[in-house]
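When you line the sequence shown up against mature numbering (1 follows the signal peptide of the UniProt record, and there is no 0), it's residues -23 to -1, 1 to 185, in that order. Each residue gets a CB set at the ideal place from its N, CA and C atoms; glycine is no exception. Quantities reported herein were computed from a predicted structural model and do not represent experimental measurements.
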Amino acid sequence: MRGLLVTVFLGASLYLFVQPAMTGLLGGFSSKPAGENDARVNQAVDVATKEIKGKHSSSTSISVESVETQVVAGTNYKLRLKASDGDSHTRYEAVVYEELPHAGGKFSLTDLKAIDSPEKDSASSGSGASGSKEAATFAVQQISSQSNSLMPFALKEIVKSEESKEGGITLHRLKLKLGHTSMDDQTYDVEVASQDKGFELRKSQPTS
């Protein structure tokens, strides 16, 4: 009986000692030098660069402006990248997830968004472009929270955007291309209502 009590006591003590240390490993993003030659950061940049060049051309040059890391069940890399095509420049923010070694250690893109785009930020775009992007981001968050997956969906492209007014409500009808680490890209038709108090997802339906 005494041996059992000692074992339980030691087990509890070990848990209390280890648990705070494990919890302390998790947290927010921390900055890393953008020019640092880190093999894992370079792999994350390569994953994001491949996706960005798919939106531009193979001759597009990609430069790294900032790097942040976050320890989760693996590692998230938040990257600020600049894509240059001659005189045209577009900045992107990408999040790349690295699995834990025992899970395979794969790198996968979980989010990619243009921070500024001269082509899309022209006067003809109007204020609706910003509202549609916010509505799309909200829709993706809701779709992710309603799914059974542990990993969130990532907004890859706003394929189509329509906007209409209903009294004091702005209704965004969007066709979104979403990416996920464990499945093929999917396209969703969504309707998001926006007003002063915030957004409301009224419809989300996969089309592919």
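Three-way DSSP call (helix, strand, coil) for residue i in this model
i	result
Phe130	coil
Gly175	strand
Gly51	strand
Lys83	coil
Ala113	helix
Pro10	coil
Ser61	strand
Asp88	strand
Gly108	helix
Ser121	helix
Glu76	coil
Rounded separation between residue i and residue j - CA only
i	j	result
Gly144	Asp64	43 angstroms
Ile92	Arg17	24 angstroms
Ala80	Lys137	36 angstroms
Val117	Phe130	7 angstroms
Val169	Ser122	16 angstroms
Asp62	Ala11	21 angstroms
Leu77	Lys32	29 angstroms
Gln163	Asp173	30 angstroms
Arg179	Gln119	11 angstroms
Asn19	Ser159	22 angstroms
Leu2	Val48	Note that Leu2 scores 44 on pLDDT, short of 50, meaning its location in the model is unreliable; the coordinates nonetheless yield the value given after this. In a straight line, the C-alpha of Leu2 is about 7 angstroms away from that of Val48.
Thr114	Lys154	12 angstroms
Ser8	Tyr54	10 angstroms
Same chain only: Cβ atoms within 6 angstroms of residue i, ignoring 5 sequence neighbours per side
i	result
Asp166	Lys152, Gln182 and Thr184
Thr26	Ile39
Gly156	Ala131, Lys133 and Asp162
Neighbourhood of residue i by C-beta distance below 8 angstroms, restricted to the same chain and skipping five residues each side
i	result
Glu140	Gly105, Gly108, Ser109, Thr147, Leu148, His149 and Arg150
Pro95	With a pLDDT of only 45 at Pro95, under the threshold of 50, the placement of this residue in the model should not be trusted; the figure read from the coordinates follows. Taken in chain order, the residues that qualify are Ser65, His66 and Thr67.
Ile29	Thr37, Ile39, Leu58, Ala60, Tyr69, Ala71 and Leu89
Residue i, buried or exposed, once every other Cβ within 10 Å from all chains shown has been counted against 16
i	result
Glu42	exposed
Glu13	exposed
Leu56	buried
Leu127	exposed
Ala50	exposed
CB contact flag (residue i, residue j, <9 angstroms)
i	j	result
Leu58	Tyr74	no
Phe84	Val24	yes
Spatial neighbours of residue i in its chain, beta-carbon cut-off 7 angstroms, leaving aside the 5 residues before and after
i	result
Ala112	His149, Leu151, Val169, Ser171 and Phe176
Val22	Val41 and Leu56
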